[in-house]
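Numbering (the UniProt record's numbering), first residue to last: 1 to 579.
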């Protein structure tokens, strides 16, 4: 072997040791860097002209299990979904209030029980003004709680909608980062450069993207990563395909997403294509599901409770009258004179009374022979002491002509009064706008506690309202312990139960969802953490091992350097011999 060949072998050994120590030192220095993977200098042998092998550094590569990485990316999307759902359902449960067995609960069921308690007191003291005031205040508080709970649900929907816009921006930022890294990696590989650190950064950016949106990806032979949505829509290839979304200006129970609509929630667009319904994973898809499905389901349950509460209490109130009765009764249902009667059988009794309940005039109208609402208005207008009309805003108005008198309605369990809302306690269309009647809210004395006499032949001078009559107050109290039918709403199956029982089912349903979401989050977080731990164990840096490797490489370097020195000495000796 010539000195030149021996020198070449020693030089390559020095170079390989230098590269190996540099790689190992970099591993130690970056051991605590997020996403950094252990780098390995791969050596290869090269035959010399005399048949002796030397060593070269073939490449520097990352020790990454690509299958495990794909599993982590998928798990990261699932964790993003679980985290978001757990957060929102926890907020929902808080909005519905806390249940307590000692009567101090803030949930809707506890508030219904509170109304039942004061209604029971009124049933035993129907003439007590303080008992009436307590019922009116308690019902008003319950209605306010329903409105506030509904507002909280809609606030969560608005929060989710704003988060959709924020998450879209985050997705686009991740795609831009990935596109830049793609460009640098492809160019670096083409030039034969080490791109492993850039690939680590790209993997971290990929996981950040996967947290927000469920993706699939592949890396081609040039080192370019191509990314698509789970449904196959390209997000990143040779260019970025950005998402676009504009959040709604305001959100209410009526705000919905429509793929073809121009109002409400708009679509999440990619290259002009609405992808809203195909985004099912990660934070983004979960926000859409919460906004458009899960939270509206809770609103539907609240609406079912509110409308049933309103129908129940109004049905009781319309059976009776305040004592003394008000001068004017105004309906809550929009009507016109030509409307066919909503009640086509039975009798409507209209009585004008003085403050003691003595009848000044009584009119019985046979509804089976009366065709339209205008016919009822005309019949009442034949009375000397009362008049009827349809107001400018389309409401039936019946009034006593004298301010010293009042007007009361009766007959057939208050069917006519209920149909037109003549003595409603609650108004509104659902949980978002339910509230106590403005008239009763301002004057609790207008709360009905007794009923108009149904005595045959009742006429002027007769007793229309019996002193101390508490029949309607008793019916009001009984309505809270009575079971009634509730329709299926928001995935909550229809059932027959009390008002408080249904409220409890609504709260329990939300609590069950929240508990399941929390358990799913805990499980997914544990699973994802275990995957990351496995990845770190396999691909991360063990400082002790790298330190040992540096020591071994240093010894190899010193040995190669010693060979180089020996060769130099031999070369110098040969030169001296020539001289």
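Heads up, the beta-carbon is just placed ideally off N, CA and C, and yes, glycines get one too.
As the structure is a prediction and not an experimental result, all values here were calculated from the model.
Own chain residues within Cβ distance below 8 angstroms of residue i, not counting five before or after
i           : result
residue 386 : 350, 352, 361, 363, 380, 398, 399, 400, 401 and 407
residue 51  : Its pLDDT being 47, under 50, residue 51 is placed unreliably in this model, and the coordinates cannot settle the point.
residue 72  : 207, 528, 531, 532 and 535
residue 458 : 349, 351, 359, 362 and 464
Bridge partners - residue i, DSSP secondary structure assignment
i           : result
residue 244 : 269
residue 218 : 226
residue 349 : 364 and 410
residue 290 : DSSP lists no partner for residue 290.
residue 257 : 265
residue 232 : According to DSSP, residue 232 bridges with nothing at all.
residue 495 : 486
residue 388 : 398
residue 354 : Paired residue(s): none; residue 354 is not in a bridge.
residue 435 : 427
residue 274 : 269
residue 359 : 353
residue 450 : 321
residue 463 : 358
residue 372 : 340
Own chain, CB closer than 7 angstroms to residue i, minus 5 neighbours either side, in chain order
i           : result
residue 347 : 364, 365, 366, 367, 411 and 412
residue 577 : none
residue 300 : 489 and 490
residue 288 : 164, 276 and 279
residue 527 : 75
residue 425 : 139, 313, 314, 317, 436, 437 and 440
Whole-angstrom distance between residue j and residue i, CA atom to CA atom
i           : j           : result
residue 524 : residue 174 : 23 angstroms
residue 249 : residue 255 : 10 angstroms
residue 302 : residue 295 : 11 angstroms
residue 488 : residue 498 : 15 angstroms
residue 122 : residue 496 : 26 angstroms
residue 58  : residue 196 : The predicted position of residue 58 is uncertain, since its pLDDT is 43 and thus under 50; a value taken from the coordinates is nonetheless stated next. The alpha-carbon atoms of residue 58 and residue 196 are separated by roughly 14 angstroms.
residue 176 : residue 313 : 59 angstroms
residue 263 : residue 96  : 29 angstroms
residue 328 : residue 135 : 22 angstroms
residue 203 : residue 283 : 19 angstroms
residue 67  : residue 285 : 25 angstroms
residue 85  : residue 440 : 42 angstroms
residue 225 : residue 184 : 12 angstroms
residue 179 : residue 238 : 8 angstroms
residue 333 : residue 430 : 15 angstroms
residue 79  : residue 530 : 13 angstroms
residue 138 : residue 464 : 29 angstroms
residue 169 : residue 259 : 21 angstroms
residue 244 : residue 272 : 9 angstroms
residue 291 : residue 242 : 22 angstroms
residue 142 : residue 257 : 31 angstroms
Own chain residues within Cβ distance below 6 angstroms of residue i, not counting five before or after
i           : result
residue 321 : 408, 448 and 452
residue 109 : 500, 503 and 504
residue 432 : 150 and 253
residue 49  : Note on residue 49: pLDDT 49, under 50, position unreliable in the model; the coordinate value appears next. There are no such residues.
residue 90  : 514
residue 318 : 414, 417, 418 and 423
residue 507 : 96 and 107
residue 266 : 246
residue 222 : 186
residue 69  : none
Cβ separation of residue i and residue j, assumed to be a contact under 8 angstroms, to the nearest whole Å
i           : j           : result
residue 470 : residue 490 : That pair is no contact at about 38 angstroms.
residue 212 : residue 230 : Incorrect: roughly 13 angstroms between the Cβ atoms, too far for contact.
residue 371 : residue 341 : 7 angstroms
residue 157 : residue 434 : That pair is no contact at about 19 angstroms.
residue 480 : residue 115 : 7 angstroms
residue 270 : residue 233 : 6 angstroms
residue 337 : residue 127 : Contact doesn't hold; Cβ gap of about 38 angstroms is too wide.
residue 445 : residue 132 : 6 angstroms
residue 117 : residue 247 : Their Cβ separation, rounded to whole angstroms, is 44 angstroms, which puts residue 117 and residue 247 out of contact at 8 angstroms.
residue 428 : residue 310 : 7 angstroms
residue 181 : residue 205 : 6 angstroms
residue 153 : residue 374 : Going by Cβ atoms, the distance from residue 153 to residue 374 rounds to 42 angstroms, so no, they are not a contact pair.
residue 160 : residue 477 : Between residue 477 and residue 160 the Cβ distance is about 41 angstroms, and since that is not below 8 angstroms, they are no contact.
heavy atom of the ligand ADP below 7 angstroms from residue i C-beta
i           : result
residue 478 : With respect to small molecules bound, the structure shown includes none, and the ligand ADP cannot be examined in it.
TODO: Entirely within the stretch 304 to 339 and at least 3 residues each: give me those beta strand (DSSP E) ranges in chain order.
DONE: 328 to 330
TODO: Note down, one range per segment and in chain order, each alpha helix (DSSP H) of at least 4 residues found wholly within the stretch 183 to 215.
DONE: 196 to 212
- [ ] For the stretch 61 to 95, list the beta strand (DSSP E) runs that are entirely contained and at least 3 residues long, ordered along the chain.
- [x] Counting whole runs of 3 or more residues, the stretch 61 to 95 contains no beta strand (DSSP E) stretch at all.
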